[in-house]
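Right, one structure below, let's go through it.
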Amino acid sequence: MSGHIAPVRQPLVTGHKTYHQITEDICRPTETAPSLSWVITFIISVMCLGLFAFSVAWTVWVGIGSWNLNRTINWGWDITNFVWWVGIGHAGTLISAILLLFRQKWRTGVNRAAEAMTIFAVMCAGQFPLIHMGRLWLAIFIFPYPNTRGPLWVNFNSPLLWDVFAISTYFTVSLLFWYAGLVPDLATVRDRAVGLRKKIYSIFSFGWNGSAKHWQRWESLSLILAGLATPLVLSVHTIVSFDFATSVIPGWHTTIFPPYFVAGAIFSGFAMVLTLMLIARKVLHLEDYITIEHIESMNKVILLTGSIVGVAYLTELFIAWYSGYIYEQFAFLNRVLGPYYWSYIGMMLCNVVSPQIFWSRRLRTSLFWTFFMSIFINIGMWFERFVIIATTLARDYLPSSWSYYVPTWVEICIFIGTLGLFFTLFLIFTRVAPVVAIAEIKSILKTAGDQYIGPNALAHSHAGTSPAHSATQHGTVVPPEVNDLSARGTVDIDGENDKPLD
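In short: position in the sequence shown from 1, add 48, done, that's my numbering.
Laid out in structure tokens, this is it:
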């Protein structure tokens, strides 16, 4: 007998889908020729990636002097963009780990793309500290390992070294989580492929056959990785915030940075997930799997984290005034009324004021406003990082050393190039792997499909009727002994590619 389902729950899978239809719809983009819009976007992304390669080569050849950094402002667009990209990479771990542990079903439609976005964003973030070294071939010096350089050793007291450990760990765990989730779906694509494609997918699916033992191990691995990844959601951006909070510079030396940075990272990460998923939803025809319910749930998280960030901004201003410390007061007064006032206004408008429109359910469920706000928020989060770094460094204790920072064309091109790197990788991902997790969508079909719950539920699908009986009424043959885990594997129930269970 099926469990009770609250009547207020909206379906997460629409279109009265069967297991076979789910497989067909989600695998189709990997099996058909790319659309014209995909090709045009890919060409633009590769051109931006080429611009990135040229700009990095220019920086290495000419030197860091090609950037507009100086003794006063020694961090500019490079560290601003580094923190921005790390923040964007936060939503993937939150969706894949924490929401998995809390058994939130709405994560299933967006977790795969969010995890991929995390990996690609961290790859983009990692470029900036390496380039900022000036001599890329000496990047090995940042790792502590036995060497013959005598007293030359890394400084374990430096948060910059903590960054190396935190971000490399974050990238490794995120990559494992993403790939572990991909294995069952790669096996599904393998079973549908022929020739060389089949051999390639056979290698990457690690011999998955959908047996109960495989599913049991897969579930255990997912929970273990979720447990390992959950502390990373809090620790990674906390350690990034230590780059600033452990200094003695007014405007940076504050204890509110760790929670404020974490909330801001989740805020910007969810905004980028929405940007990507709304485009993928339209281009790849995934409207039945990335529903308005998914979008509304993500907008609620954005509203919450945006409000937390807004409270942090106001707390900073209050503590600066309440402290009576004139240098701290000047740092924040300079942010609001100084030469970079435009970036502070942009930050407050994009990150604090504009997300409040999501208190309205009509706007929260509007695709246009969601897409517009997702871009607007990430612009605002970039402004936040710029305000923290550039405005704080531009005016320090000595008025004689005050400066005004404007990026050079090289810095601008490197940033545009990382956008090209990000979108190139994401577009390739949409062509070689299912963007939505097939296995996880199948696992929630009978509790979140619109033929079972919601206003369009069929009469015989109400609580009290067994899912097997309900599916049989629709011409879907589901043996009683097939449990939910088996139904979402490579055993494509009610499809043309059905295989016997082990």
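The C-beta atom is built at its ideal place from N, Cα and C for all residues, glycine as well.
Other residues of its chain near residue i: CB distance less than 7 angstroms, five sequence neighbours each side excluded
i      : result
Phe168 : Phe470, Leu473, Phe474
Leu276 : Val221
Arg443 : Asn382, Gly386, Trp450
Pro177 : Phe130
Pro455 : Asn116, Gly124, Trp125
Phe292 : Trp300, Phe305, Ile436
Ala485 : Thr156, Asn159, Arg160, Gly229, Asp233
Leu223 : Ile167
Gln175 : Thr466
Thr78  : Val237, Arg479, Val480, Ala481, Pro482
Val310 : Leu282, His285, Thr286
Ser85  : Val331
Host alpha helix (DSSP H) of residue i (start-end)
i      : result
Val131 : 125–136
Leu84  : 84–110
Ala293 : 260–293
Arg383 : 374–385
Tyr227 : 207–240
Thr166 : 159–180
Val359 : 340–371
Trp457 : 457–480
Val310 : 305–331
Pro77  : 67–79
Tyr337 : Premise fails: Tyr337 is in no alpha helix (DSSP H) and is neither H nor E.
Phe609 : The structure shown does not extend to residue 609, since the chain spans only 49 to 550, so no value can be given for it.
Sheet register partners of residue i (DSSP bridge)
i      : result
Gly497 : Val61
Length of the line joining the Cα atoms of residue i and residue j
i      : j      : result
Thr120 : Pro387 : 15 angstroms
Lys261 : Leu230 : 17 angstroms
Lys330 : Trp369 : 48 angstroms
Asn116 : Tyr389 : 20 angstroms
Trp123 : Ile437 : 7 angstroms
Phe204 : Gly317 : 29 angstroms
Leu322 : Arg412 : 12 angstroms
Asp546 : Phe225 : Any reading at Asp546 must be qualified, since the residue scores a pLDDT of 42, below 50, and its modelled position is unreliable; the value itself is stated next. Looking at the two C-alpha atoms, the distance is approximately 28 angstroms.
Ser93  : Ser414 : 28 angstroms
Glu382 : Trp450 : In the sequence as presented, Glu is not what sits at residue 382; that position holds Asn. Each residue's Cα considered, the two are about 12 angstroms apart.
Val288 : Ala105 : 27 angstroms
Arg151 : Val158 : 14 angstroms
Pro307 : His180 : 27 angstroms
Thr196 : Ile188 : 13 angstroms
Phe100 : Ile460 : 10 angstroms
Ile304 : Ala360 : 7 angstroms
Val212 : Val202 : 11 angstroms
Ser250 : Gln499 : 34 angstroms
Trp185 : Val108 : 10 angstroms
Val384 : Val349 : 28 angstroms
Gln264 : Met320 : 33 angstroms
Thr339 : Gly111 : 49 angstroms
Phe252 : Leu234 : 7 angstroms
Phe420 : Met429 : 14 angstroms
Arg183 : Met95  : 25 angstroms
Thr418 : Gly255 : 41 angstroms
Ile462 : Ala505 : 51 angstroms
Phe424 : Leu362 : 20 angstroms
Sequence-distant residues of its chain with Cβ nearer than 6 angstroms to residue i (five each side left out)
i      : result
Gly137 : Thr166, Ala169, Val170
Lys65  : none
Phe406 : Asn347, Leu351, Arg412
Leu269 : Ala228
Arg433 : Thr128, Val131, Trp132
His522 : Interpretation of His522 is limited by its pLDDT of 40, a score under 50 that renders its predicted location unreliable; no figure is taken from the coordinates.
Ala313 : Gly135, His138, His285
Ala173 : Phe130, Trp133, Val134
Ser345 : Trp154
Gly299 : Ala379, Thr440
Ile427 : Cys398
Ile190 : Val212
Same chain, Cβ closer than 8 angstroms to residue i, five either side skipped, listed in chain order
i      : result
Ile492 : Leu60, Val61, Lys153, Thr156
Leu324 : Ala161, Met165, Phe474
Tyr445 : Tyr375
Ala274 : Ser144, Ala145, Ile146, Leu148, Leu149, Phe225
Arg409 : Glu344
*Return the chain-ordered ranges of every beta strand (DSSP E) run that is complete within the region 385–454 and spans a minimum of 3 residues.*
Within the region 385–454, no complete beta strand (DSSP E) run reaches 3 residues.
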